[in-house]
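Below is one structure; the comments refer to it alone.
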Ligand SMILES: NC(=O)c1ccc[n+]([C@@H]2O[C@H](COP(=O)([O-])OP(=O)(O)OC[C@H]3O[C@@H](n4cnc5c(N)ncnc54)[C@H](OP(=O)(O)O)[C@@H]3O)[C@@H](O)[C@H]2O)c1
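Numbering (our numbering), first residue to last: -8 to 277.
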């Protein structure tokens, strides 16, 4: 029987992924752990616990994901995202299991101005990106059977994200200022979870970019959230990244080229606008 361990199972992606894996692997055992079950910062404990479970596949999606928070808490960013990933990789290696690691578009600097390929050189602009890239490097160096999935701009049913933030602010404000000079692809966690499940079942290894189709700015994304939710009383004002002055630098362009996913699995994630419409029809928290 196949045993899959998901670390980070109670996060935004984790909850969707647990549901998708349990229904797509009906004969396998899917175990979900989060911070209450395992703290990946603890090397010995991580190796011991994963060793006792003896999974065939470890899907590691736990992370310190507060991008601005990482700037002021660099130590925690590296302890969780880099060293924590190393501990999971060491444990996976000992079990001779396969490891899947979730990484990010923020390992790129955005200077390319056309969709990033898996082989493009990383150059993170912020602490979060540096710590996640270090995690990638540990996985590649330590695990024999490794799959690295880079994704971006996630939203979903579980957890605070850009969609919930916009809808919350729409209740409180007459006008919203949203950044219009960063491009990416908003990605629905349920679509991503299904793609992860396919990649795992087809036993793929290496690096894959996975995101919903088409690209936009946060401003366009924000406007679409309001329009699809039938909110027309809120004004949306496009602003620059500089005007927002957040702690972490972000790439102005981080669209991921997902052609490898299509070539090797036949899978193409639907356009972001279609996925967003589906999400809002099903779970609109407004
Ligand atoms: N969100 C995005 O837009 C985005 C974009 C690109 C890539 N990713 C990557 O995708 C993955 C999933 O993201 P997400 O947004 O679903 O993240 P999330 O909602 O923040 O979930 C991460 C989970 O990991 C847990 N965790 C944190 N530190 C831990 C530790 N030391 N040991 C064990 N568990 C720990 C968190 O618990 P607490 O909540 O208690 O801290 C949380 O339940 C992450 O690897 C992230 O880097 C995310």
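Each residue gets a CB set at the ideal place from its N, CA and C atoms; glycine is no exception. Since the structure is predicted, the reported quantities are computational estimates derived from the model, not experimental observations.
Per DSSP, the bridge partner or partners of residue i
| i | result |
| --- | --- |
| residue 3 | DSSP output for residue 3 lists no bridge partner at all. |
| residue 238 | Beta-bridge pairing links residue 238 to no other residue. |
| residue 140 | 93, 199 |
| residue 168 | 228 |
| residue 12 | Partner(s): none; residue 12 has no beta bridge. |
| residue 179 | 146 |
Opening and closing residue of the alpha helix (DSSP H) in which residue i lies
| i | result |
| --- | --- |
| residue 153 | 153 to 163 |
| residue 268 | 263 to 274 |
| residue 77 | 76 to 86 |
| residue 65 | 65 to 68 |
| residue 173 | Neither: residue 173 is in no alpha helix (DSSP H) and is coded neither H nor E. |
| residue 29 | No alpha helix (DSSP H) contains residue 29, which DSSP labels as neither H nor E. |
| residue 42 | 34 to 44 |
Heavy atom of ligand 1 within 7 Å of residue i beta-carbon
| i | result |
| --- | --- |
| residue 174 | no |
| residue 217 | no |
| residue 144 | yes |
| residue 65 | no |
| residue 131 | no |
| residue 95 | yes |
| residue 9 | no |
| residue 55 | yes |
| residue 4 | yes |
| residue 123 | yes |
| residue -1 | yes |
| residue 25 | yes |
| residue 120 | no |
| residue 246 | no |
| residue 75 | yes |
| residue 160 | no |
| residue 71 | yes |
Coarse secondary structure for residue i, derived from DSSP in three states
| i | result |
| --- | --- |
| residue 135 | coil |
| residue 22 | strand |
| residue 207 | strand |
| residue 247 | strand |
| residue 55 | coil |
| residue 119 | helix |
| residue 149 | coil |
Cβ-Cβ separation, residue j to residue i (assumed contact under 8 Å), whole Å
| i | j | result |
| --- | --- | --- |
| residue 147 | residue 4 | 7 Å |
| residue 158 | residue 230 | Contact doesn't hold; Cβ gap of about 19 Å is too wide. |
| residue 114 | residue 96 | Not really, about 12 Å apart at Cβ, beyond 8 Å. |
| residue 73 | residue 129 | 7 Å |
| residue 43 | residue 239 | Going by Cβ atoms, the distance from residue 43 to residue 239 rounds to 37 Å, so no, they are not a contact pair. |
| residue 123 | residue 139 | Rounded, the Cβ-Cβ distance is 10 Å, inconsistent with contact. |
Range of the contiguous beta strand (DSSP E) that encloses residue i
| i | result |
| --- | --- |
| residue 51 | 48 to 51 |
| residue -2 | -6 to -2 |
Residue i: CB within 7 Å of a non-hydrogen atom of ligand 3
| i | result |
| --- | --- |
| residue 79 | For ligand 3, the structure offers nothing, since it holds only ligand 1. |
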